[in-house]
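Shown next, in structure tokens, is the structure this report addresses.
There are 2 protein chains.
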Amino acid sequence: MLPIAIDVMSGDRGPGERIAGVVQALLADPELAVLLTGQADAIDTQLRAHPQGLRSRIGIVAASQVVAMDTPPRVAIRGGRDSSMRVAINLVGEGRAAACVSAGNTGALTAMSHYVLKTVAQVERPAIISAIPSEAGHTLMLDLGANIRASEIQLLQFATMGAVVARELSAIVAPRVGLLNIGEEDIKGHDTVRAAHALLLQSPLNYIGFVEGDHIFSERVDVVVTDGFTGNVALKTMEGLARMVGARTRREFATWLARPSLRRLAQGLDPRRYNGACMVGLGGVVVKSHGQADATAFARAVTLAATLGRGNLCAQVAQAFVSQGR
Amino acid sequence: MLPIAIDVMSGDRGPGERIAGVVQALLADPELAVLLTGQADAIDTQLRAHPQGLRSRIGIVAASQVVAMDTPPRVAIRGGRDSSMRVAINLVGEGRAAACVSAGNTGALTAMSHYVLKTVAQVERPAIISAIPSEAGHTLMLDLGANIRASEIQLLQFATMGAVVARELSAIVAPRVGLLNIGEEDIKGHDTVRAAHALLLQSPLNYIGFVEGDHIFSERVDVVVTDGFTGNVALKTMEGLARMVGARTRREFATWLARPSLRRLAQGLDPRRYNGACMVGLGGVVVKSHGQADATAFARAVTLAATLGRGNLCAQVAQAFVSQGR
């Protein structure tokens, strides 16, 4: 497999945390090779802390700039041509990397990826998809914030792409797709979700109808589709609630934290296990890590990129649109 | 104080559960009197299981119909004139009850309440507001589902009403109001939230700007404002995640459940403690209980109605619009 390109400079934490994550991912997967983009000196210094035997699987591609977490997307595209983010995306575009990973500014990453990689087939807009922990293991959800609004056609496209990712990541033959709404009856919701519902009912997808926010965590659905505004609010709401529950649990159980049963519970909900969202619909695999990811979380995002890069996601998405004819 | 009118017939569970909840609320509050609406025989039978000393504070107002959980709002208004829901709302409209409570169909309750009680002052649309558990105790959030979309003016009105409820329920002098968005910078979000942001910046409210989904649970905001689609999705998402965490905790800690520290943790997140959402902006206090509420949860909704009924919420809302001039 081609290496995975990794922007180790962008994010809320220092590059040392992300480089430690890359090392974790390399240790866990002997087939993995990476290309780290950023300031070569800084990366070299950080790498000295880690086993030198891995160096044969680590390449460095120099990039002089770093896109700040608050740089507007257009400014990032115009002014960040030699940024670690852009160089990583370019490696995918040039066919030198199977996928890329960045913990940088979501808006800039979305816009730059779209600009460099374009969309595949008839895809109008790429979407951000991620796994959410659920009773059944996990549910995939999209769009988590690439598009503030989505038309009915775009929601149908998100559904098609979500089903491809579910087949790829979860090996589900006919993933159950649900459309997020505020009720399950046909009359519920605004015009756009109702129009998308009508399109989905006629599609070849295994569409189960409207689902509500609490169904994300149930065993009844594999892929939940929504626009990027609603999806991002729902995702952040989950993160906030999980963080509050985690803090309360630690306070109440401070002396018990070593117990295996509590560790199991905490690990099942650990957001680090679910780090890594994929931009789907582009002509290349781009994985977005949480900006605050620590080494363990960043390693997950790298592993996700490797899994999706191996699976040839873009070709699968293109194929799905050909068979669907729209 | 005037009695609280209670629709004991509507909801997912039988009336016995709700009548047990009413009894809990009566035992906890010696000043409380109630008027139960529904089939007198059925109510009488259920009441026999409870202390007869309370009967002096319980009146029954006969209603022959029950609005089904899936009845469309317009059908409920036209065809449900003698329903337990409608009779309870009418008692508020006629000045015979200080507030009313129903665990019935949200759409029907919203539409009927609006039809009977009208909105106060310049309020264009009533909204559903409820307390959400947070690090600081709780955060108030609206609209949780009365309006699928909301204009910038309506979002400003929701903010004004939310601040009134925060003063009333939480005794906060200048509640901090935030507008839900998918980023904190001025450029984030769609046109409507940006326009509402501009209006809120010029308002006399203690507006702190955009907040994200995870801030709902933080200590930085007292009132979170959004449209009913986003608000309802966020609320259901919280409920689903809390239910999943609760189920996992029970599985992992089956043998420890008697421990006080675990009970404290579980109680802090128990959704029953937060049952009861208020329709704000109407010419009377209407409290919506969760359809699946058990006795303890329903008692909370009755107590909330009594608190808001005593506080003269509608006059306060009207006053806030007079002082704000819009």
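Those sequence lines, one after another, are chains B and A. Under our numbering, the residues of the first sequence are numbered 1 to 326, in order. Under our numbering, the residues of the second sequence are numbered 1 to 326, in order. Don't be surprised by glycine CBs; every beta carbon is placed ideally from N, CA and C.
1. With a threshold of 6 Å on Cβ separation, who are the neighbours of valine 317 of chain B within its own chain once the five nearest residues in sequence on each side are excluded?
2. Is the beta carbon of valine 221 of chain B closer than 8 Å to that of glycine 183 of chain B?
3. Verify whether the separation of the beta carbon atoms of alanine 20 of chain B and alanine 295 of chain B is less than 8 Å.
4. At a CB-CB cut-off below 7 Å, which residues of chain B make contact with proline 72 of chain A?
5. Counting C-beta neighbours from all protein chains within 10 Å, is the total for aspartate 186 of chain A 16 or more, i.e. buried, or is it exposed?
6. Determine which residues share a DSSP beta bridge with arginine 176 of chain B and list them.
7. Which residue from A:Pro133, A:Val92, A:Gly145 and A:Gly311 puts its Cα closest to that of alanine 108 of chain A?
8. If distances are taken between C-alpha atoms only, which option among B:His138, B:Arg149, B:Asp191 and B:Ser151 comes closest to alanine 166 of chain B?
9. What residues in its chain sit with their C-beta under 8 Å from that of isoleucine 4 of chain B, if we drop five residues either side in the sequence?
10. Mind listing the chain B neighbours of glycine 225 of chain A? Cutoff is C-beta to C-beta under 8 Å, in chain order.
11. Between alanine 320 of chain A and chain B, is there a C-beta pair that is closer than 8 Å?
12. Determine whether the Cβ of methionine 161 of chain B lies closer than 8 Å to any Cβ atom of chain A.
13. In chain order, what residues of the same chain lie with their CB nearer than 7 Å to the CB of arginine 326 of chain B, ignoring the 5 residues before and after it?
14. Exposed or buried, glutamate 17 of chain A, counting other C-beta atoms within 10 Å across all chains shown (16 or more means buried)?
15. Less than 8 Å between the beta carbons of valine 336 of chain B and isoleucine 172 of chain B, yes or no?
16. Just to confirm, are valine 66 of chain B and asparagine 90 of chain B a CB contact at a threshold of 8 Å?
17. Have a look at B:Val23, B:Thr71, B:Ile60 and B:Gln39 and flag the residue whose alpha-carbon is nearest the alpha-carbon of glycine 53 of chain B.
18. Interface residues of chain C around threonine 230 of chain B at Cβ under 8 Å?
19. Using a C-beta to C-beta distance shorter than 7 Å, which residues of chain A count as neighbours of leucine 200 of chain B?
20. Could you have a look at isoleucine 89 of chain B and say whether DSSP puts it in helix, strand or coil?
21. What does arginine 243 of chain B reach in chain A if we use C-beta pairs closer than 8 Å?
22. Our contact map puts methionine 9 of chain A next to serine 84 of chain A with C-beta atoms below 8 Å; I'd like the distance itself, whole angstroms only.
23. Whole angstroms is fine: what's the gap from histidine 114 of chain B's alpha carbon to alanine 76 of chain B's?
24. Please list, in chain order, the chain B residues whose beta carbon lies closer than 8 Å to that of isoleucine 182 of chain A.
25. Counting contacts by CB-CB distance shorter than 8 Å, is glutamate 239 of chain A in contact with chain B?
26. Quick one: grab the DSSP three-state call for leucine 32 of chain A.
27. Can you tell me which of A:Leu27, A:Val233 and A:Asp227 puts its alpha carbon nearest to the alpha carbon of arginine 300 of chain A?
28. So, helix, strand or coil for threonine 160 of chain A, using DSSP?
29. For phenylalanine 217 of chain A, which residues in the same chain have their Cβ closer than 8 Å to its Cβ, ignoring the five residues on either side in sequence?
30. Applying a beta-carbon distance threshold of less than 8 Å, which residues of chain A neighbour phenylalanine 190 of chain B?
31. Please classify glutamine 46 of chain A as buried or exposed, where buried requires at least 16 other C-beta atoms within 10 Å of its C-beta.
32. Using the beta-carbon of each residue, which ones in chain B are nearer than 9 Å to glutamate 152 of chain A?
33. Would you mind reading off the limits of the alpha helix (DSSP H) that contains serine 113 of chain B?
34. For glutamine 316 of chain A, does the three-state DSSP call read helix, strand or coil?
35. Take lysine 288 of chain B as the anchor and find which of B:Val92, B:Gly104 and B:Arg81 has the nearest alpha-carbon.
Considering the structure as presented:
1. Val120, Met161 and Val164
2. No, Cβ-Cβ distance for glycine 183 of chain B and valine 221 of chain B is not below 8 Å.
3. yes
4. Ile187
5. exposed
6. B:Asn206
7. A:Gly145
8. B:His138
9. Leu32, Ala33, Val34, Leu35, Ala97, Ala98, Ala99, Cys100, Val101, Val302, Ala305, Ala306 and Gly309
10. First, the amino acid is wrong: residue 225 of chain A is valine here, not glycine. Counting only Cβ-Cβ distances below 8 Å, valine 225 of chain A has no contacts in chain B at all, with the closest Cβ about 12 Å away.
11. Closer than 8 Å: no.
12. no
13. Low confidence applies here, because arginine 326 of chain B scores a pLDDT of 49, under 50, leaving its location unreliable; read the following figure in that light. Answer for arginine 326 of chain B: Gln122, listed in chain order.
14. By the C-beta density criterion, glutamate 17 of chain A is buried, having at least 16 other C-beta atoms within 10 angstroms.
15. This structure cannot settle anything about residue 336 of chain B, because the visible part of chain B is limited to 1 through 326.
16. no
17. Closest by alpha carbon: B:Val23.
18. Going by chain labels, chain C is absent from the structure shown, which instead holds the protein chains B and A.
19. One finds nothing in chain A with a Cβ atom closer than 7 Å to the Cβ of leucine 200 of chain B; even the nearest lies about 18 Å away.
20. helix
21. Asp214 and Phe217
22. 4 Å
23. 13 Å
24. Gly145, Ile148, Gly228, Phe229, Asn232, Val233 and Lys236
25. yes
26. coil
27. A:Leu27
28. helix
29. Excluding positions up to five away in sequence, the list reads Ile132, Pro133, Ser134, Glu135 and Thr139.
30. Per the sequence presented here, residue 190 of chain B reads as histidine, with phenylalanine not at that position. Simply Ile148, Arg149 and Phe229.
31. buried
32. The premise fails here: glutamate 152 of chain A is roughly 15 Å from chain B at the closest Cβ pair, so nothing lies under 9 Å.
33. 106-117
34. helix
35. B:Gly104
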